[in-house]
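Under UniProt numbering, the residue at position 151 of the sequence shown is numbered 151, and the numbers go up by one with no gaps. All residues carry an ideal CB built from backbone N, CA and C; glycine is no exception.
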Amino acid sequence: MQNPELERARQIVEWTGTNLFLTGKAGTGKTTFLRQLRERNPKRMVILAPTGVAAINAGGSTIHSFFQFDFGPYLPGRTKMEYKLRKDKMKLIRSLDLIVIDEISMVRGDMMDRIDELLRHYRTPFQPFGGVQLLLIGDLQQLAPVVKDDEWELLRSDYPTPYFFSSRALNESGYATIELHHVYRQSDPHFVELLNRVRSNTADAEVLRQFNERYVPDFEPPEEAGYVRLVTHNQQAREYNAQELERLSTQEYVFEACVEGVFPESSFPTDEELVLKQGAQVMFVKNDVKHRYFNGMLGTVEQLTDKHIVVCPFDNDERIEVDIDAWENTRYEMNPRTKEVEERIVGMFKQYPLKLAWAITVHKSQGLTFEHAIIDVHAAFAAGQTYVALSRCKSLEGMVLSAPIPPRAIITDANVDRYHRELPARTPDESGIRQLQRIHFVNLIASLFDFRSIEHLLALFLRHLEEHFYKEYPATLERFRKEQLALNHTLFPVAHRFHIQYEQLVAASDDYTNDPLLQERISKGATYFRTQLGPLQTLLADTDLASKNKEVLRRYMDLDAELNEAIRQRKALFDYVLRNGFHMADYQRAHALIMAGEKPRKKEEHTEQ
């Protein structure tokens, strides 16, 4: 990977636990980075997106379907969350190291805080997002979050803006930012500079003049040139495509999609009823595995029957015989045998990977590149819409405006502009990334010797006994009081002092991942703390309380199970480290599985970097 910014992003994602916002203007390689990360799969991760189409394109799930959220606003401390995830989904969430959210610009701050509350519930309540790392990918200057007026009236008292960066949990967690600057889509530096001026809301009269020189009234594109018209509204695109299709005198064919299983209509990548004629201008909406075509390639239907479509692309003389293709709607699951995070296909959409493309909306053009485009953004209504349309073109010369761009069409959000100016302060250099790696290593050791859940659950358990069982079981209550008092001397404060020790050892070592003294201290610590948990585990096993009050009994049994599970997890982690040593990547995988209630597979040798 030649791009140093992308390399720094890779290092943060793969070798730290720091949350990362990866951003950059159109054509800087964000989508490529996500695809390569998916191929390498360095951590147990899922890929999520705010909309069905974005999720299908990214090869993941929607945020709402993965977490089973409803579509209402989330008010911190006031919205009552319902935790009804299936057991297998709970295990999956507890096993994750990384959650990727693509098109983060469309995600609201309250959604991020809703995710945080759910992850704290199912993972650890003491860390933002339950301790899972986030990779947030997107460009705030492009697609904005959707918030209705009545929803914003509810949210505005808790959030200064609707954007993801106003999330309380995200700001509590701290996060790094990498902004990509090298543009791969456009090669003309002057055109890139003009686009930057539009993106940053600094387009003056001279910038508009240069763009508006591309205005050609009543422009009739030559058929062989392959111009696509970018418009701001869906209705414009539908009417223009229907009008152009009607002008063709050739026979009309209708191709019905085949929908299998679960595949929401809002996620359909093209028309369920695809209407074509010979001579129609079309766009491919999928990348071909044989590399004959790509998403966004334009062409003309040259031959057409009810079972046969041949398209001639505008940019070469090849004739492409188009086959029906399939899109998968996937659900993340944990493989019960290998314990790996896998995608299970729950639905299929089968159709020719084409759509009429004399005109498409600016929104649907997101992520695409065109040699020639007719752009109509005089009625732009959303922040970033004009920038998205103009930046689809590879060159200024390939652009024609069907109407001049008025100053009002360049819409930006002052909140985004202000936030964007703060990004450099969040961008770590090479030294900063090395420090983040060191902090991550310390945090992983801390996760081994983290007794906060046990301390918290024991306090809840003891309080429940004091409130409801003190008359019938005074001796049992006294035994638990003594055990809590003992742990307050031998476990919890000792763990705090031990944290200072290993933190100092990591800071003093140049090769902390392989430092023999540190490995020895971790091993001795695991042995000591494992022993200290024994009496509490034995006391729980020997205790069996009864109550005529079903609710009191149910709460006792729940707390007993949770406390036993917390002890089991801790001892399983200690056993793993005592057998295998503490090697970052292997321990991280083992920790994920143990916290999900699974048993890690044995490894003969570690895979440390």
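Neighbourhood of residue i by C-beta, 7 Å cutoff - its chain only, sequence neighbours within 5 removed
i       : result
Val-501 : It is Gln, not Val, that sits at residue 501 in the sequence shown. Same-chain partners within the cutoff: Arg-521.
Cys-393 : Phe-370, Ala-373 and Met-399
Thr-59  : Reading off the sequence, residue 59 comes out as Gly, not Thr. Correct list, in chain order: Arg-38 and Ile-47.
Glu-321 : Val-310
Ala-54  : Asp-102 and Glu-103
Pro-42  : Glu-14
Glu-252 : Val-275 and Lys-277
Val-552 : His-468
Glu-328 : Ile-345 and Met-348
Limits of the unbroken alpha helix (DSSP H) element including residue i
i       : result
Met-90  : 87-95
His-440 : 430-448
Lys-148 : Lys-148 -> no alpha helix (DSSP H), and no H or E assigned at all.
Gly-347 : Here Gly-347 belongs to no alpha helix (DSSP H); instead the beta strand (DSSP E) covers 341-351.
Glu-503 : 492-508
Asn-201 : Where Asn-201 is concerned, there is no enclosing alpha helix (DSSP H), given that its DSSP letter is neither H nor E.
Leu-593 : 584-595
Ala-561 : 550-580
Ile-410 : Looking at the DSSP string, Ile-410 is not in any alpha helix (DSSP H), and its letter there is neither H nor E.
Glu-7   : 4-15
Gln-36  : 30-40
Distance, residue j Cα to residue i Cα
i       : j       : result
Ser-395 : Leu-136 : 29 Å
Thr-232 : Gly-72  : 27 Å
Pro-278 : Pro-222 : At residue 278 the sequence reads Gln, which differs from the Pro that was named. Their Cα atoms are separated by approximately 17 Å.
Asp-315 : Leu-401 : 21 Å
Leu-533 : Ala-592 : 21 Å
Ala-144 : Met-106 : 5 Å
Gln-569 : Ile-594 : 6 Å
Pro-313 : Val-285 : 13 Å
Asp-317 : Leu-304 : 18 Å
His-190 : Pro-160 : 36 Å
Glu-466 : Lys-524 : 36 Å
Asp-376 : Asp-413 : 21 Å
Leu-75  : Leu-155 : 7 Å
Arg-589 : Pro-600 : 8 Å
Ala-9   : Phe-129 : 20 Å
Ile-360 : Lys-89  : 38 Å
Ala-257 : Lys-307 : 13 Å
Leu-6   : Phe-574 : 36 Å
Asn-212 : Glu-193 : 16 Å
Lys-471 : Leu-458 : 20 Å
Met-1   : Val-100 : At Met-1 the pLDDT is 47, less than 50, meaning the model places this residue with poor confidence; the figure from the coordinates comes in the next sentence. Taking the straight line from one Cα to the other gives about 20 Å.
Phe-498 : Tyr-512 : 17 Å
Residues near residue i by beta carbon distance below 6 Å, same chain, minus five either side
i       : result
Ser-167 : Gly-109, Met-112 and Asp-113
Leu-505 : Leu-518
Thr-18  : Ile-12, Ala-176 and Leu-436
Pro-125 : none
Ala-596 : Lys-91, Arg-94 and Ser-95
Ala-379 : Thr-232
Lys-339 : Leu-593 and Glu-598
Asp-292 : It is worth fixing the name first, because residue 292 is Arg in this sequence and not Asp. Result list for Arg-292: Ile-320, in chain order.
Asp-515 : Ser-509
Ala-203 : Arg-197 and Ile-410
Phe-165 : Tyr-419
His-606 : Residue placement at His-606 is poorly supported in this model, since its pLDDT is 44, which falls under 50; the coordinates still yield a value, given next. The answer, listed in chain order, is His-583 and Asp-586.
Limits of the unbroken beta strand (DSSP E) element including residue i
i       : result
Gly-261 : 258-261
Thr-23  : 19-24
Trp-327 : 325-334
Met-81  : No beta strand (DSSP E) contains Met-81, which DSSP labels as neither H nor E.
Gln-115 : Going by the sequence as given, residue 115 is Ile instead of Gln. Segment 109-122 is the alpha helix (DSSP H) holding Ile-115; no beta strand (DSSP E) there.
Tyr-528 : Unbroken run through Tyr-528 is the alpha helix (DSSP H), 516-542; no beta strand (DSSP E).
Ile-104 : Taken as a continuous stretch (DSSP letters only), Ile-104 belongs to no beta strand (DSSP E), as it is neither H nor E.
Val-322 : 320-322
Val-46  : 45-49
Taking only runs of the beta strand (DSSP E) that begin and end inside the region 380-408, which ones reach a length of at least 3 residues, in chain order?
-> 399-401
For the region 280-307, which segments carrying the alpha helix (DSSP H) assignment without a break, of at least 4 residues, lie completely within its bounds, in sequence order?
-> none
Are there three or more Cβ pairs, one per stretch, closer than 8 Å when the region 178-186 is compared with the region 24-36?
-> yes
Evaluate the contact criterion for the region 267-274 versus the region 344-361: three or more CB pairs, one atom per stretch, below 8 Å.
-> yes
Can you list, in chain order, the stretches of the beta strand (DSSP E) that have 3 or more residues and sit fully within the region 206-263?
-> 228-231, 252-256 and 258-261
With a cut-off of 8 Å, do at least 3 Cβ pairs link the region 479-496 to the region 529-546?
-> yes
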